[in-house]
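So the protein sequences, as listed, match chains A and B. Residues 1 to 112 (the working numbering) are what the first sequence spells out, left to right. Residues 1 to 114 (the working numbering) are what the second sequence spells out, left to right.
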Amino acid sequence: DTEVTQTPKHLVMGMTNKKSLKCEQHMGHRAMYWYKQKAKKPPELMFVYSYEKLSINESVPSRFSPECPNSSLLNLHLHALQPEDSALYLCASSSGEAGELFFGEGSRLTVL
Amino acid sequence: AQSVTQPDIHITVSEGASLELRCNYSYGATPYLFWYVQSPGQGLQLLLKYFSGDTLVQGIKGFEAEFKRSQSSFNLRKPSVHWSDAAEYFCAVGARQAGTALIFGKGTTLSVSS
Numbered sequence: 001d002t003e004v005t006q007t008p009k010h011l012v013m014g015m016t017n018k019k020s021l022k023c024e025q026h027m028g029h030r031a032m033y034w035y036k037q038k039a040k041k042p043p044e045l046m047f048v049y050s051y052e053k054l055s056i057n058e059s060v061p062s063r064f065s066p067e068c069p070n071s072s073l074l075n076l077h078l079h080a081l082q083p084e085d086s087a088l089y090l091c092a093s094s095s096g097e098a099g100e101l102f103f104g105e106g107s108r109l110t111v112l
Numbered sequence: 001a002q003s004v005t006q007p008d009i010h011i012t013v014s015e016g017a018s019l020e021l022r023c024n025y026s027y028g029a030t031p032y033l034f035w036y037v038q039s040p041g042q043g044l045q046l047l048l049k050y051f052s053g054d055t056l057v058q059g060i061k062g063f064e065a066e067f068k069r070s071q072s073s074f075n076l077r078k079p080s081v082h083w084s085d086a087a088e089y090f091c092a093v094g095a096r097q098a099g100t101a102l103i104f105g106k107g108t109t110l111s112v113s114s
């Protein structure tokens with residue numbers, strides 16, 4: 001099993017809503033990542049968890065709140081988002097031994 | 001500064017023709033280099049990677065890339081392009097350590113004409 005699974009695939013929310021994006025991997029990877037990607041742009045790093053501890057936070061606004069309940073799960077809690085936060089949110093994992101990141105299919109977020 | 005440059009924003013290639021996508025990097029340590037492909041609305045799929053050893057690496061879907069340390073380049077090639085290769089291609093550089101973030105280039109959009 002070499003998959004990173006993200007849910008939901010599509011999410012539409014208002015600026016006052018609270019929602020969460022979920023990511024799961026069962027490859028035994030100890031690092032998990034959230035990236036944000038706008039159309040025709042490269043992924044932008046948001047957060048990195050290494051061994052279930054937040055190791056990198058790229059100055060992301062507090063309306064995005066990551067959570068790593070265990071080594072297989074990664075959540076991104078969303079609250080009071082702005083329309084400019086509409087994007088594809090990608091989760092990835094890495095074992096560290098080989099360096100590469102394994103990406104999920106992404107969650108397409110639209111903020112109205 | 002660590003960076004990845006993909007000089008070509010958009011390339012159009014005829015189906016069956018050869019392809020080369022350029023990538024140059026700047027990285028302080030020994031680089032680990034990757035090429036990812038992304039179809040519209042999809043996640044990123046790893047095409048190939050270079051860590052050490054043979055500087056010509058083979059990947060999936062008939063792609064290969066050559067690492068040239070003297071030119072700080074890691075160009076992606078394919079001898080014969082198929083229409084299904086139309087996608088966004090990202091070059092990335094990173095380190096061999098869990099929790100290290102990859103640095104991505106801005107990407108090259110490949111269009112395939114019939």
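C-beta atoms are modelled at their ideal positions from N, C-alpha and C, and glycine is treated no differently.
| Asked | Found |
| --- | --- |
| Do TYR50/B and ALA65/B have their C-beta atoms within less than 8 Å of each other? | yes |
| Please return the same chain residues whose Cβ sits closer than 7 Å to the Cβ of MET46/A, not counting the five positions on each side in sequence. | TRP34, TYR35, LYS36, GLU58, VAL60, PHE64 |
| So, are the CB atoms of ALA87/A and LEU109/A less than 8 Å apart? | yes |
| Determine whether the Cβ of GLU52/A lies closer than 8 Å to any Cβ atom of chain B. | no |
| Compare the Cα-Cα distances from PHE5/B to each of TYR89/B, THR100/B, SER114/B and report the closest residue. | Contrary to the premise, residue 5/B reads as Thr rather than Phe in this sequence. With distances taken between Cα atoms, THR5/B lies closest to TYR89/B. |
| At least one CB of chain B closer than 8 Å to the CB of GLY28/A: is that the case? | no |
| Cβ closer than 7 Å: which chain D residues qualify as neighbours of TYR32/B? | Among the protein chains in the structure shown, which are A and B, there is no chain D. |
| So is PHE51/B in contact with chain A if we call contact Cβ pairs under 8 Å? | yes |
| Go through its chain and collect everything with a Cβ distance to LEU19/B's Cβ below 6 Å, but skip five positions before and after it. | VAL13, LYS78, VAL81 |
| Excluding the five sequence neighbours on either side, which residues of its own chain have a C-beta within less than 7 Å of the C-beta of GLY106/A, listed in chain order? | GLN6, LEU88, TYR89, LEU90 |
| Nearest-angstrom Cα distance between GLU84/A and LEU112/A? | 9 Å |
| Starting from the N-terminal side, write out each stretch of the beta strand (DSSP E) that is 3 residues or longer and does not extend beyond the segment 57-102 of chain B. | 64-68, 73-78, 87-94 |
| Just how far apart, CA to CA, sit PHE67/B and ILE9/B? | 21 Å |
| Closest to PRO7/B by CA distance: which of SER113/B, PRO31/B, THR109/B is it? | THR109/B |
| Closer than 9 Å, Cβ to Cβ, to anything on chain B: give me those residues from the segment 80-93 of chain A, in chain order. | LEU88, LEU90, CYS91, ALA92 |
| Whose CA, out of GLU15/B, LEU21/B, TYR27/B, SER114/B, lies closest to the CA of SER70/B? | TYR27/B |
| Give a yes or no on whether the C-beta atoms belonging to GLY107/B and THR100/B are separated by under 8 Å. | no |
| For LEU81/A, which of ASN17/A, LYS9/A, ALA39/A, LEU11/A has the nearest alpha-carbon? | ASN17/A |
| Under 8 Å between C-beta atoms, does GLU24/A make it to chain B? | no |
| Just list the residues that DSSP pairs LEU109/A with in beta bridges. | LEU11/A, ALA87/A |
| Secondary structure at ILE9/B, three-state DSSP: helix, strand or coil? | coil |
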